[in-house]
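Offset between the sequence shown (1-based) and our numbering: plus 35. The structure under discussion appears below in the form of structure tokens.
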Amino acid sequence: MRACVVHSQDVDSVDAVAELIAGATVALGASLPRLAMLFAGIDHDFAIVLEQINAQWPGIALIGCTTDGEMSSHILFAEDSLALVLLSGDDFHAVSGVARSVSTDVAGSIRGSANDAVQRLAGRGGGDRPGNGGAPRLCITMPDGLTVSGSAALDALRAELGDAVPIFGGTAGDQWRFKGTRQFHGTEVLQDSVPFLLFDEGVVFSCGVDTGWRPIGREGRVTDVDGHVVRAIDGRPATEFYREFLGNVDITYLAEYPIAVTADDGRGYYLRAPGRTDEATGCIHFLGDVPDGARVHITTTNRDQILAATRTSFQHALDDFPKDSGGGGKPALALCISCAGRKQILGSRTQEEARIVNELLGGVPAAGFYGYGEIARLAKDGISHYHNETFTTLLLGGRVGDA
Numbered sequence: 036m037r038a039c040v041v042h043s044q045d046v047d048s049v050d051a052v053a054e055l056i057a058g059a060t061v062a063l064g065a066s067l068p069r070l071a072m073l074f075a076g077i078d079h080d081f082a083i084v085l086e087q088i089n090a091q092w093p094g095i096a097l098i099g100c101t102t103d104g105e106m107s108s109h110i111l112f113a114e115d116s117l118a119l120v121l122l123s124g125d126d127f128h129a130v131s132g133v134a135r136s137v138s139t140d141v142a143g144s145i146r147g148s149a150n151d152a153v154q155r156l157a158g159r160g161g162g163d164r165p166g167n168g169g170a171p172r173l174c175i176t177m178p179d180g181l182t183v184s185g186s187a188a189l190d191a192l193r194a195e196l197g198d199a200v201p202i203f204g205g206t207a208g209d210q211w212r213f214k215g216t217r218q219f220h221g222t223e224v225l226q227d228s229v230p231f232l233l234f235d236e237g238v239v240f241s242c243g244v245d246t247g248w249r250p251i252g253r254e255g256r257v258t259d260v261d262g263h264v265v266r267a268i269d270g271r272p273a274t275e276f277y278r279e280f281l282g283n284v285d286i287t288y289l290a291e292y293p294i295a296v297t298a299d300d301g302r303g304y305y306l307r308a309p310g311r312t313d314e315a316t317g318c319i320h321f322l323g324d325v326p327d328g329a330r331v332h333i334t335t336t337n338r339d340q341i342l343a344a345t346r347t348s349f350q351h352a353l354d355d356f357p358k359d360s361g362g363g364g365k366p367a368l369a370l371c372i373s374c375a376g377r378k379q380i381l382g383s384r385t386q387e388e389a390r391i392v393n394e395l396l397g398g399v400p401a402a403g404f405y406g407y408g409e410i411a412r413l414a415k416d417g418i419s420h421y422h423n424e425t426f427t428t429l430l431l432g433g434r435v436g437d438a
């Protein structure tokens with residue numbers, strides 16, 4: 036596997052995509068890219084960008100999304116930019132897929148698209164670059180998290196692919212406007228969709244996850260919940276659980292104090308960031324579903340701890356990357372997805388996340404984005420979870436060699 040990352044800050048979409056293509060052509064040389072991932076600022080002309088990429092590499096399997104900021108090993112961090120990842124090589128097989136109109140039937144739409152992609156990966160269907168009989172080994176996805184719950188989209192993918200297939204990704208962003216994100220599949224500009232890539236056994240990878248938030252106080256148990264709306268913890272209004280530990284804080288803004296939800300298997304926790312609160316009822320609307328009966332803690336952090344977690348996430352992925360990979364133990368690509376909530380808190384220090392990644396890279400190309408939720412495993416052999424306020428790392432390579 037060989038990866039190429041190009042990044043343009045040109046605000047003119049025509050000029051920006053021309054810059055991407057020119058840079059990629061030089062970097063790739065004679066290699067023909069097979070897969071692409073595009074991360075874009077919300078104000079670009081996406082149709083033009085996708086058409087030009089497809090004109091340069093006809094039929095390339097591409098997914099992507101709009102973001103709350105783009106990062107790469109070239110520019111570090113930018114907004115209103117375009118970052119493009121291209122993967123080439125004959126040591127792996129992969130196909131793209133997309134579920135449309137997911138808000139009407141998330142499970143049904145994902146079931147159909149995932150089954151179709153699995154068939155194509157196995158070489159039993161048409162479409163983009165059918166595989167060689169392999170089973171799914173890894174899924175990368177970038178759902179629309181505004182029209183459908185990111186947790187529900189992940190659950191539907193897990194139901195079709197099985198818990199043995201790690202799912203990595205993040206929900207699209209729109210620069211904190213919360214008006215409408217976009218997803219990309221091939222030359223299509225979509226909303227209310229879940230685009231994804233499926234890789235076969237020719238790929239090797241490792242993941243890292245950390246937040247920087249640490250639990251405080253006693254454990255509570257969620258006793259009344261409807262999806263992402265928590266009504267009661269320990270039989271009392273959810274807002275009272277917060278007041279017990281935080282005192283007279285402004286209960287209308289709790290984003291800096293997400294709850295840590297203990298995973299079902301007890302191996303770690305994932306965060307749920309509070310969104311809207313309702314003083315009259317004591318309900319808290321979180322930015323992700325919370326299981327009934329979940330064990331939870333309030334968490335707290337500071338900027339230094341957030342950035343320390345960025346380093347820990349990436350280092351864990353480095354430590355776990357297979358040493359017998361085709362790249363001699365060196366990954367071909369680092370894909371990093373961070374939370375828009377982290378960006379809000381880090382402020383002028385946001386660029387330090389990408390700088391930390393660059394420090395640890397050792398020449399490996401990297402790209403990623405800030406989104407409204409992150410998807411990754413908590414443990415190497417665990418199941419994939421939907422996260423908030425988390426920095427996630429995926430290191431990717433080929434099993435048998437570079438090409």
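Note that CB positions come from ideal geometry on N, CA and C, so glycine has one too. The structure presented is a predicted model; accordingly, all values stated were derived computationally and were not measured.
Query: Would you report the Cα separation of I410 and M177, rounded to the nearest angstrom?; Result: 9 angstroms
Query: Between V244 and T425, what straight-line distance do the alpha-carbon atoms span, to the nearest angstrom?; Result: 7 angstroms
Query: Where does N423 land, buried or exposed, given buried means 16+ other C-beta within 10 angstroms?; Result: buried
Query: Does the beta-carbon distance from F356 to V265 come in below 8 angstroms?; Result: no
Query: Would DSSP call G162 helix, strand or coil?; Result: Confidence at G162 is low in this model, with a pLDDT of 48, below 50, so its placement is unreliable and the value that follows should be read with caution. Here G162 sits in coil by DSSP.
Query: Starting from the C-beta of N393, find all residues in its chain whose C-beta is less than 8 angstroms away, skip the five residues before and the five after it, and write them out in chain order.; Result: S108, L111, A401
Query: Which residues mark the beginning and the end of the beta strand (DSSP E) in which R253 is found?; Result: 249 to 261
Query: Using a threshold of 8 angstroms, state whether the C-beta atoms of L306 and P293 are closer than that.; Result: yes
Query: Report the option in T312, R330, I380, D285 whose CA atom is closest to the CA atom of G301.; Result: R330
Query: In three-state DSSP terms, what is D313?; Result: strand
Query: Per DSSP, what kind of secondary structure is D339 in: helix, strand or coil?; Result: helix
Query: Mind checking whether A71 and V120 have CB atoms under 8 angstroms apart?; Result: yes
Query: Note down, in chain order, each residue of its chain lying with its Cβ closer than 7 angstroms to the Cβ of G398, except the 5 sequence neighbours on either side.; Result: none
Query: My parser needs the beta strand (DSSP E) runs of 3 or more residues fully inside the stretch 79 to 132; what are they?; Result: 96 to 101, 105 to 107, 111 to 113, 117 to 123
Query: Please go through the same chain and pick out, in chain order, the residues whose beta-carbon is closer than 8 angstroms to the beta-carbon of G99, but skip the five residues on each side of it.; Result: A71, M72, L73, F74, A75, M177, Q218, F219, P230
Query: If I measure Cβ to Cβ from T206 and keep anything under 6 angstroms in the same chain, skipping five residues before and after, which residues do I get?; Result: P178, G180, G185, G406, Y407, G408
Query: Please give me, in chain order, every unbroken run of the beta strand (DSSP E) with length at least 3 that falls completely inside the stretch 369 to 408.; Result: 401 to 406
Query: For I286, collect the residues of the same chain with a Cβ closer than 8 angstroms to its Cβ; drop the 5 residues on either side in sequence, then sort them by chain order.; Result: T274, Y277, R278, T312, E314
Query: Does the stretch 355 to 370 come close enough to the stretch 245 to 261 that 3 or more CB-CB pairs lie under 8 angstroms?; Result: no
Query: Along the chain, where does the beta strand (DSSP E) containing V238 start, and where does it finish?; Result: 238 to 245
Query: Would you mind working out which of G282, L289, A65, V224 sits nearest D78, comparing C-alpha positions?; Result: V224
Query: Between the alpha carbons of S360 and A267, how many angstroms are there, rounded?; Result: 48 angstroms
Query: Quick one: what does DSSP say V52 is sitting in, helix, strand or coil?; Result: helix
Query: Less than 8 angstroms between the C-beta atoms of S419 and R193, yes or no?; Result: yes
Query: Tell me the DSSP secondary structure of S419 in three-state form.; Result: strand
Query: Leaving out the 5 sequence neighbours to the left and right, which residues in its chain are closer than 7 angstroms to L413 when beta-carbon positions are compared?; Result: V244, A298, R302, G303, Y305, H420
Query: So is S348 buried or exposed if we call it buried at 16+ other beta carbons inside 10 Å?; Result: buried
Query: Does the stretch 82 to 92 come close enough to the stretch 48 to 63 that 3 or more CB-CB pairs lie under 8 angstroms?; Result: yes
Query: From G58 to V41, what does the alpha carbon distance come to, in whole angstroms?; Result: 6 angstroms
Query: What does the Cβ neighbour count give for T316, buried or exposed, with the cut at 16 atoms within 10 Å?; Result: exposed
Query: Are the CB atoms of G433 and F127 within a distance shorter than 8 angstroms?; Result: yes
Query: What are the start and end residues of the beta strand (DSSP E) that includes Y305?; Result: 304 to 307
Query: What is the rounded straight-line gap between the Cα of R212 and the Cα of Q379?; Result: 13 angstroms
Query: Could you spell out where the alpha helix (DSSP H) holding F276 opens and where it closes?; Result: 273 to 281
Query: Does DSSP put R346 in a helix, a strand or coil?; Result: helix
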